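Everything on this sheet refers to the single structure shown next.
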Amino acid sequence: MKTVEQHYDDILSLANTSPVIDVPIEKALNRVLAEDIIAHYPIPPFTNSAMDGFAVRAQDVIPGQELRVVEDIPAGCAPQVKIFPGQASRIMTGAPLPEGANSVIRVEDTIGGMENMATQAPDCVVPKISLQKNANVRHAGEDVAVGEKIFTAGTRVTPSHIAAFSAVGFATVKVHRQLNVGVVATGNELRSPGEELDFGTIPDSNSFLVSGLLFERGANVTVRSLHSDDSAHFVETIEKLVSECDLVLTTGGVSAGAFDVVKSSLRSHGVNFTKVMMQPGKPQGFGEISGVPVICLPGNPVSVYVSMYLFVLPLLNVMEGGKRIEYADLFTTSVAGTSWKHKLGRDQFVPVVESERGVVPASAGGSASHFVGSLPKATALALVPATEKWVQPGQNISILRLR
Ligand code: AMP
Ligand code: MG
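The sequence shown begins at 1 in UniProt numbering and counts up one residue at a time.
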């Protein structure tokens, strides 16, 4: 039997990186940057007020001593008048600081400033406090300087990255384009959700599990839930998807059963079927058809879930332009919160809930590959090495965090 790490390396060796395209920044969400972002504008772009108040010379601000208001500066307007000793300009948050001013006194810290706040500025204002230089002033470039490299190629774009792209002057960015992924669920016994179940049939879970994990990553997903184990129909579906997609995933039909359509149909197309030293998820398939990676996952939903996190999402990450993660780096160390027995011989991946006392299996019934009902509770997969007979409370345990 193959080790999990060997299978991981085989799967990742199929990765080809998706092409680079220029997209409007709002289309860059979830994509991986293919260029470094060098600021065209500083943040903030000009020195401005952090508060609604009065732009002043701090040295003129003496409690009780009146300042003459010479201008009203709303946000978005350029000041026209310089501040001289004894003067102030009413200023709104985000408005440029006028020449001569070195600080802003908050409107709440003045007498007379609050009157007519909605309409025109008062003729004069009386400070209630004294002020330090630079008080309530946001200086140009204090967050980001022009020419500063703020993000590097390989960064996955989040909404806050997009906000920063806009702030430093980018309307478009270079990213690796969205992946098109085909998903095929096989099984004569499968039915659509809500469909009446004849004895022996079950609702399809895998289509939703796999496509949901892909949607979360921002992939463009085409799902074919076949409700059949017919080889001709299956091969036709695969050939069509391979011609349209960057990656094709199948579920079911890879074990030792008599009607294992995926295995029997794709062997002759160059897909390898192997047994991996893991539980759940022992039967696995991988290969390339017409240059497109095809990963054949087992049928049981928990096996599918574990395989998605262990193999498919790391593969996707590389194909999306992200940095390759080594197998060992998928895991962090946690502590077992309870004991459970482990069948020797295969690495066990147990959906667990992380609690104060440590990780505990998400399903009270133990870890079975069809327990899709307890899966949503899991926050991590705990790895119990093949050589370990028991997990004991308090012992260190490797976990892979979900989401
Ligand atoms: P197989 O490898 O095709 O024999 O499938 C293994 C087990 O997973 C069987 O109990 C199947 O009924 C179940 N299974 C396969 N595909 C799905 C699916 N899409 N949703 C839920 N269970 C499935
Ligand atoms: Mg089947």
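Every residue gets a Cβ at the ideal spot worked out from N, C-alpha and C, and that includes glycine.
In this text, all values refer to a predicted model and were calculated from it rather than measured experimentally.
Paired residues, beta bridge with residue i - DSSP
{"i": "Lys2", "result": "Val276"}
{"i": "Arg401", "result": "Ala380"}
{"i": "Ile38", "result": "Lys149"}
{"i": "Asp347", "result": "Met278"}
{"i": "Asp22", "result": "Lys174"}
{"i": "Gly287", "result": "Val294"}
{"i": "Asn396", "result": "Val335"}
{"i": "Arg138", "result": "Asn48"}
{"i": "Asn180", "result": "Asn220"}
{"i": "Cys124", "result": "Arg68"}
{"i": "Gly358", "result": "Ser355"}
{"i": "Ala185", "result": "Ser225 and Thr251"}
{"i": "Leu190", "result": "Ile202"}
{"i": "Leu33", "result": "Val175"}
{"i": "Arg156", "result": "Val32"}
{"i": "Val391", "result": "Trp340"}
{"i": "Val144", "result": "Ile43"}
Cβ neighbours of residue i in the same chain (closer than 8 Å, five flanking residues each side left out)
{"i": "Glu71", "result": "Pro79, Gln80, Val81, Ser89, Arg90, Pro98 and Ala121"}
{"i": "Arg346", "result": "Met1, Met277, Met278, Gln279, Lys282 and Ala386"}
{"i": "Ala28", "result": "Val157, His161, Ile162, Phe165, Val173 and Val175"}
{"i": "Met114", "result": "Val107 and Glu108"}
{"i": "Leu313", "result": "Leu213 and Arg217"}
{"i": "Ile325", "result": "Pro314 and Asn317"}
{"i": "Thr47", "result": "Pro96, Leu97, Val137, Arg138, His139 and Ala140"}
{"i": "Gly322", "result": "Val32, Gly154 and Arg156"}
Sequence-distant residues of the same chain with beta carbon closer than 6 Å to residue i, five excluded per side
{"i": "Val235", "result": "Ser265"}
{"i": "Gly270", "result": "Gly287"}
{"i": "Asp143", "result": "Ile43"}
{"i": "Ile37", "result": "Ile150 and Phe151"}
{"i": "Ser374", "result": "Ala362 and Ser363"}
Candidates the options, of which the one nearest residue i by Cα
{"i": "Gly281", "options": "His139, Gly291, Gly299 and Ser268", "result": "Gly299"}
{"i": "Tyr309", "options": "Pro293, Tyr327 and Glu320", "result": "Tyr327"}
{"i": "Thr152", "options": "Ile105, Val175, Pro301 and Asp52", "result": "Val175"}
{"i": "Leu247", "options": "Lys263, Lys128, Ser225 and Asn220", "result": "Asn220"}
{"i": "Ile238", "options": "Ile202, Phe199, Phe259 and Val181", "result": "Val181"}
{"i": "Gln392", "options": "Val126, Lys341 and Gly257", "result": "Lys341"}
{"i": "residue 404", "options": "Ser13, Val4, Ile25 and Gly94", "result": "With the chain covering only 1 through 403, there is no way to say anything about residue 404."}
{"i": "Ala171", "options": "Gly252, Arg31 and His40", "result": "His40"}
{"i": "Gln132", "options": "Leu344, Val352, Asn102 and Leu67", "result": "Asn102"}
{"i": "Lys343", "options": "Glu388, Val352 and Lys377", "result": "Glu388"}
{"i": "Gly86", "options": "Val61, Ile289, Gly94 and Thr379", "result": "Val61"}
{"i": "Leu179", "options": "Pro376, Ile21 and Thr333", "result": "Ile21"}
{"i": "residue 433", "options": "Glu354, Ile83, Ser228 and Thr47", "result": "Examination of residue 433 is not possible in this model, given that the chain is present from 1 through 403 alone."}
{"i": "Val183", "options": "Val144, Pro293, Ile11 and Ala364", "result": "Pro293"}
{"i": "Leu195", "options": "His227, Thr222 and Cys245", "result": "Strictly speaking, residue 195 in this sequence is Glu, with Leu absent from that position. Closest by alpha carbon: His227."}
{"i": "Ile11", "options": "Leu297, Ala50, Ile129 and Asn30", "result": "Leu297"}
{"i": "Val304", "options": "Asn206, Ser398, Gln395 and Asn396", "result": "Asn206"}
{"i": "Leu315", "options": "Ser268, Leu249, Arg267 and Val353", "result": "Leu249"}
{"i": "Arg177", "options": "Thr155, Arg31 and Thr3", "result": "Arg31"}
{"i": "Asp229", "options": "Thr186, Tyr8, Ala364 and Gly321", "result": "Thr186"}
{"i": "Thr93", "options": "Thr110, Ala75, Gly321 and Gly100", "result": "Ala75"}
{"i": "Glu244", "options": "Ala378, Leu330, Val223 and Val302", "result": "Val223"}
{"i": "Glu5", "options": "Phe311, Pro127 and Gly53", "result": "Phe311"}
{"i": "Val168", "options": "Thr155, Ile150 and Gly154", "result": "Ile150"}
{"i": "Leu402", "options": "Lys240, Lys323, Val384 and Ala378", "result": "Ala378"}
{"i": "Gly285", "options": "Ser255, Gly291, Pro301 and Val302", "result": "Ser255"}
{"i": "Gly100", "options": "Gln65, Ser334 and Gln59", "result": "Gln59"}
{"i": "Thr3", "options": "Thr274, His233, Leu67 and Ala34", "result": "Thr274"}
{"i": "Ser268", "options": "Gly257, Phe371, Ile289 and Phe259", "result": "Ile289"}
{"i": "Ile399", "options": "Gly112, Ser374, Val360 and Met319", "result": "Val360"}
{"i": "Ser18", "options": "Val242, Ala362 and Ala34", "result": "Ala34"}
{"i": "Val104", "options": "Arg191, Ala50, Ala145 and Glu148", "result": "Ala50"}
{"i": "Val261", "options": "Ser231, Glu356, Val242 and Asp329", "result": "Ser231"}
{"i": "Gly358", "options": "Ala258, Thr333, Trp390 and Pro63", "result": "Thr333"}
{"i": "Pro376", "options": "Pro351, Leu383, Trp390 and Asp204", "result": "Pro351"}
Cutoff 7 Å; reference residue i; Cβ partners in own chain excluding five residues on either side
{"i": "Glu189", "result": "Gly200, Thr201 and Ile202"}
{"i": "Val306", "result": "Pro280, Gly281, Phe349 and Leu381"}
{"i": "Val210", "result": "Val183, Leu249, Thr251, Val304 and Met308"}
{"i": "Asn272", "result": "Gly285, Phe286 and Gly287"}
{"i": "Leu134", "result": "Note that residue 134 is Asn in the sequence shown here, rather than Leu. Same-chain partners within the cutoff: Asn102 and Ser103."}
{"i": "Met319", "result": "Ala15, Asn16, Thr17, Ser18, Leu179, Asp246 and Leu247"}
Identify every run of the beta strand (DSSP E) within the stretch 80-118, keeping only runs that are complete inside it and at least 3 residues long; order them along the chain. List check, beta strand (DSSP E) in window: 87-91 and 103-106.
List in chain order: all unbroken beta strand (DSSP E) runs of 3+ residues lying wholly within the stretch 199-259. Taking only runs of at least 3 residues, the beta strand (DSSP E) segments lying wholly in the stretch 199-259 are 220-225 and 247-251.
Enumerated in chain order, which unbroken segments of the beta strand (DSSP E) with a length of 3 residues or greater are wholly contained in the stretch 37-75? For the stretch 37-75, whole beta strand (DSSP E) runs of length 3 or above, ordered along the chain, are 53-56 and 67-73.
Complete beta strand (DSSP E) runs within the stretch 311-350 (minimum length 3 residues, chain order): 332-335, all fully within the stretch 311-350.
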